[in-house]
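J.: Can you keep this structure in mind? I'll have questions shortly.
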Amino acid sequence: MLDPFLSSEIIKSEKKRLEVFIGVLVTGFIITIIVRLFQLEELKITFENDRSYVTLMAAILIMVGFIFLSRSWVIRAAKLGRRLTKRYFWFTMGMEVMVPSLWLVVVALEEQSAYFLDSPATFMYFVLIIVSSMHLNFWISAVMGLLVGVFYAAYTYWVTNVYSMTYNLPIFIFYVRAAVYIIAGVCAGLVAQELRKRLGATHQHMQEKEEIEGLFNQQISPQLVRVLKEKKDYTARLEAVLVFLDIRDFTEKVQHLSPEEVNEFQNRFFAPILQIINDHKGIVNQIMGDGLMATFGVPEIDNQHPQYAWHSVKSILKFVERFRKENNEHQLLDVGIGMHIGEVLVGNIGTDTRKQLSISGKAVIVASRIEQFNKELNSTLLMSGELYHLLASEIGDYKSKSSYKLKGIDEEITIVQII
Numbered sequence: 004m005l006d007p008f009l010s011s012e013i014i015k016s017e018k019k020r021l022e023v024f025i026g027v028l029v030t031g032f033i034i035t036i037i038v039r040l041f042q043l044e045e046l047k048i049t050f051e052n053d054r055s056y057v058t059l060m061a062a063i064l065i066m067v068g069f070i071f072l073s074r075s076w077v078i079r080a081a082k083l084g085r086r087l088t089k090r091y092f093w094f095t096m097g098m099e100v101m102v103p104s105l106w107l108v109v110v111a112l113e114e115q116s117a118y119f120l121d122s123p124a125t126f127m128y129f130v131l132i133i134v135s136s137m138h139l140n141f142w143i144s145a146v147m148g149l150l151v152g153v154f155y156a157a158y159t160y161w162v163t164n165v166y167s168m169t170y171n172l173p174i175f176i177f178y179v180r181a182a183v184y185i186i187a188g189v190c191a192g193l194v195a196q197e198l199r200k201r202l203g204a205t206h207q208h209m210q211e212k213e214e215i216e217g218l219f220n221q222q223i224s225p226q227l228v229r230v231l232k233e234k235k236d237y238t239a240r241l242e243a244v245l246v247f248l249d250i251r252d253f254t255e256k257v258q259h260l261s262p263e264e265v266n267e268f269q270n271r272f273f274a275p276i277l278q279i280i281n282d283h284k285g286i287v288n289q290i291m292g293d294g295l296m297a298t299f300g301v302p303e304i305d306n307q308h309p310q311y312a313w314h315s316v317k318s319i320l321k322f323v324e325r326f327r328k329e330n331n332e333h334q335l336l337d338v339g340i341g342m343h344i345g346e347v348l349v350g351n352i353g354t355d356t357r358k359q360l361s362i363s364g365k366a367v368i369v370a371s372r373i374e375q376f377n378k379e380l381n382s383t384l385l386m387s388g389e390l391y392h393l394l395a396s397e398i399g400d401y402k403s404k405s406s407y408k409l410k411g412i413d414e415e416i417t418i419v420q421i422i
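What follows is the structure, given as C-alpha cells:
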C-alpha cells in the first residue's frame with residue numbers, strides 16, 4: 004500500500020511536471036505560428052512540404068490536450084484524496100512516447116526524407132526521460148527509455164533504408180544513440196528510486212520529529228516551543244505564576260498497589276491535568292510521583308498569565324471532584340495546591356547533547372512552601388497575597404487571610420486560603 008504522504012507528494016510532483024510541459028508546448032506552438040507567418044528561409048528548407056507545419060501544430064495541440072486531460076485527472080485525485088493509479092502512469096508514459104514518435108514518422112513520410120533522424124528534435128526524448136524520474140517509479144522511467152530506444156532503432160533502420168541521403172555521422176552512431184536512450188531510462192529510474200527512498204526517509208524523520216515535539220508540547224506551551232526552536236540558549240528573567248499541586252497521603256493510598264497499578268493511576272490522574280495546564284498556556288516543569296509544578300507566563304505573551312493560572316486551577320479542581328465520583332476507590336483522594344507570583348529566571352541550560360528548561364528563583368521556593376502549608380491549615384487551595392490582589396475581582400470571597408513565617412523564607416508571607 005502506497006504511503007499517503009508519498010502519494011500526496013507524487014501528485015504534487017506530477018501536477019508541476021504537467022504544468023511545465025504545458026508551458027513548453029504552448030511556447031513551441033507560438034514559435035511555430037511565428038515561423039509560419041514570417042516564412043523564415045532556414046525553416047522552409049527544413050520543411051519542404053507545407054503539410055509538415057500542419058502536422059507539427061497538430062502534434063503539439065494533441066500533446067497539450069492530452070496533458071490538460073492528465074492535469075485534470077491529477078487535480079481530481081488530489082481533491083478526492085485518492086492516489087494516482089498505475090494505469091494513469093502507464094497511460095501517460097505511453098502517450099508521451101507515442102505522440103512525438105508518430106509525428107517523426109508522419110513528417111518523414113511527408114518530407115520523403117530522413118533528415119529528422121539527425122536533427123535536434125530527437126533530443127526531446129532525453130527531456131521526457133529525465134522528467135519521468137519525477138514519477139518516483141523506477142519501472143516507468145526504465146520502460147520509457149526502452150520504448151524510446153527500440154523506436155529510435157527501428158526508425159533509424161526504416162528511414163536509412165527507404166530514403167537515400169548523406170549523413171554527417173556513421174549509421175551505427177544512431178543505433179548507439181538508441182542504446183543511450185535505454186541507458187538514460189535506467190539511470191532516470193535509479194534516480195527516481197533514490198528520490199523515493201530519500202523522500203520516505205525524510206517523511207519518517209518528520210514523523211519522529213513531530214512525535215517528539217508532540218510530547219514536548221504536552222509539557223511546554225506551543226509559544227515556548229517556538230521560542231526554544233528559534234533560540235536554543237534561551238534565557239530570560241520575567242514574572243511568572245507558579246503552581247504546585249500535591250496528592251495528599253499519596254504513599255499511604257498506593258502502598259498496596261503494584262508498580263503497574265500505580266503507574267496506571269498516575270496516568271489516569273495526571274494526563275487530564277497536564278492537558279488542562281497546556282490548554283491554559285502553562286508549562287509543566289516537573290512531575291513528581293505525587294505532584295507537579297507548573298508555570299504560567301513563560302514566555303510572557305499577553306500579561307494574562309495570572310488569569311490563565313487561576314482558570315487552570317479551577318478546571319483542575321473540577322476534574323479532581325469528577326475523578327473522585329467516577330472512581331469509587333479514590334473517593335477520599337484529596338489534593339493541595341499552592342500559587343504564587345514573582346520573578347523567576349528561565350533558562351534552557353545544559354550541553355549540546357542534553358538540555359533542560361530550568362526555572363529558578365525565590366518565587367519557586369515560596370510557591371512550594373505555600374503548597375506545603377495546606378497541611379497545617381487543612382486547606383485545598385492557598386495563594387500568596389500578591390497573586391490574590393491581582394485576581395481578587397475574579398475570585399471574590401476567601402476563607403482566611405493572614406501572614407505566616409514559612410520555612411527557609413526570612414520575611415513573613417501573606418497567604419490567602421481560597422478553599
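Numbering (the working numbering), first residue to last: 4 to 422.
Cβ coordinates follow ideal geometry from the N, Cα and C atoms, glycine included.
All figures in this text were calculated on a predicted structure; none of them were measured in a lab.
Just to confirm the assignment, what range does the beta strand (DSSP E) spanning Thr88 have?
T.: Where Thr88 is concerned, there is no enclosing beta strand (DSSP E), given that its DSSP letter is neither H nor E.
J.: Give me, in chain order, the residues of the same chain whose beta-carbon lies closer than 7 Å to that of Met445; leave out the 5 immediate sequence neighbours on both sides.
T.: Here the chain covers residues 4 to 422 and nothing more, so residue 445 does not appear.
J.: Nearest CA to the CA of Ser387: which residue from Asp252, Pro262, Phe247?
T.: The candidate whose alpha carbon is nearest that of Ser387 is Phe247.
J.: Taking the C-alpha atoms as reference points, what is the distance between Ser382 and His208?
T.: When rounded, the distance between both Cα atoms is 49 Å.
J.: Enumerate in chain order the residues of its own chain whose CB-to-CB distance from Ser371 is below 6 Å, with the five nearest sequence positions on each side excluded.
T.: Phe247, listed in sequence order.
J.: Between Asn171, Ser167, Ser144, which has its C-alpha nearest Gln196's C-alpha?
T.: Nearest C-alpha to Gln196: Ser144.
J.: Would you report the Cα separation of Arg54 and Ile33, rounded to the nearest angstrom?
T.: Distance between the alpha carbons of Arg54 and Ile33 is about 17 Å.
J.: Which value, in whole angstroms, describes the spacing of the CA atoms of Arg325 and Ile250?
T.: Looking at the two C-alpha atoms, the distance is approximately 15 Å.
J.: Let's test the definition: count the other Cβ atoms within 10 Å of the Cβ of Phe159 and tell me whether it reaches 16, buried, or not, exposed.
T.: Note on identity: in this sequence residue 159 is Thr, with Phe being the wrong assignment. Buried, because 16 or more other Cβ atoms sit within 10 Å of the Cβ of Thr159.
J.: With DSSP run on the structure shown, which of helix, strand or coil describes Gln420?
T.: Strand at Gln420.
J.: Report the rounded CA-to-CA distance for Phe253 versus Lys317, giving the unit in angstroms.
T.: One C-alpha to the other measures close to 22 Å.
J.: CB-CB under 8 Å to Ile78, same chain, minus the five flanking residues each way: which ones, in chain order?
T.: Within the same chain, Ile78 has close Cβ partners Lys18.
J.: How far does the alpha helix (DSSP H) with Gln375 in it reach, from first residue to last?
T.: Counting along the chain, the alpha helix (DSSP H) containing Gln375 begins and ends at 365 to 375.
J.: Is it right to say Met4 is buried, meaning 16 or more other beta carbons lie within 10 angstroms of its own, or is it exposed?
T.: Bear in mind that a pLDDT of 47 at Met4, under 50, signals an unreliable position, so the number given afterwards is only what the model happens to contain. Classification for Met4: exposed.
J.: Pairs of beta-carbons, one from the region 77 to 93 and one from the region 16 to 31, closer than 8 Å: are there three or more?
T.: The region 77 to 93, when compared against the region 16 to 31, does touch it at the 8 Å Cβ threshold.
J.: Which same chain residues, not among the five before or five after Ala297, have their C-beta less than 6 Å away from its C-beta?
T.: Same-chain partners within the cutoff: Val246, Ile280, Gly285, Val287.
J.: With respect to the alpha helix (DSSP H) encompassing Arg3, which residues constitute its N-terminal and C-terminal limits?
T.: In the structure as shown, the chain starts at 4 and stops at 422, and residue 3 therefore has no counterpart that could be examined.
J.: Taking Met1 as the reference, which of Val367, Gly31, Arg201 has the closest Cα?
T.: Any property of residue 1 remains undetermined from this structure, which presents the chain solely from 4 to 422.
J.: Confirm, please, whether the CB-CB distance from Tyr91 to Ile132 is below 8 Å.
T.: Not in contact: Ile132 and Tyr91 (Cβ atoms no closer than 8 Å).
J.: How is His392 classed by DSSP in three states: helix, strand or coil?
T.: Here His392 sits in helix by DSSP.
J.: Do the region 107 to 124 and the region 147 to 162 make contact, defined as three or more Cβ pairs closer than 8 Å?
T.: Verdict: yes, contact present.
J.: Leaving aside the five residues before and after Val67 along the sequence, list all residues of the same chain whose C-beta is less than 8 Å from its C-beta, in chain order.
T.: These residues qualify, in order along the chain: Ile25, Leu28, Val29, Phe32.
J.: Give the DSSP bridge partners of Lys404, in chain order.
T.: Paired residue(s): Val419.
J.: Are the CB atoms of Ile344 and Glu389 within a distance shorter than 8 Å?
T.: Cβ atoms of Glu389 and Ile344: closer than 8 Å.
J.: Answer with buried or exposed for Asn270, where buried requires no fewer than 16 other C-beta atoms within 10 angstroms of its C-beta.
T.: By the 10 Å Cβ count, Asn270 comes out exposed.
J.: Cα-Cα, which of Phe272, Ile176, Arg180 is closest to Val338?
T.: Of the listed residues, the one whose Cα sits closest to Val338 is Phe272.
J.: Quick one: using the 10 Å Cβ neighbour count with 16 as the cut-off for buried, is Ile95 buried or exposed?
T.: Sequence inspection shows Thr at residue 95; the Ile mentioned does not correspond to that position. Classification of Thr95: buried, given that the 10 Å Cβ count is 16 or more.
J.: Alpha carbon to alpha carbon, how far is Leu260 from Asn266?
T.: Straight-line Cα distance between these residues: approximately 10 Å.
J.: Pick from Gly364, Gln310, Phe175: whose alpha carbon is nearest that of Ile412?
T.: For the residues Gly364, Gln310, Phe175, the minimum Cα distance to Ile412 belongs to Gly364.
J.: Since Ser136 contacts Leu198 with CB under 8 Å, what's their CB separation in whole angstroms?
T.: So it is a contact: roughly 7 Å between Cβ atoms.
J.: Assuming contact is defined by CB atoms lying nearer than 8 Å, are Leu438 and Gly341 in contact in what I supplied?
T.: Nothing can be reported for residue 438: it is not among the residues displayed for the chain, which extend from 4 to 422.
J.: Starting from Met386, follow the beta strand (DSSP E) in both directions and report where the run begins and ends.
T.: Here the beta strand (DSSP E) through Met386 covers 384 to 387.
J.: Nearest to Phe71 by alpha carbon, out of Glu22, Glu113, Val109?
T.: Selected option, being the one with the closest Cα: Glu22.
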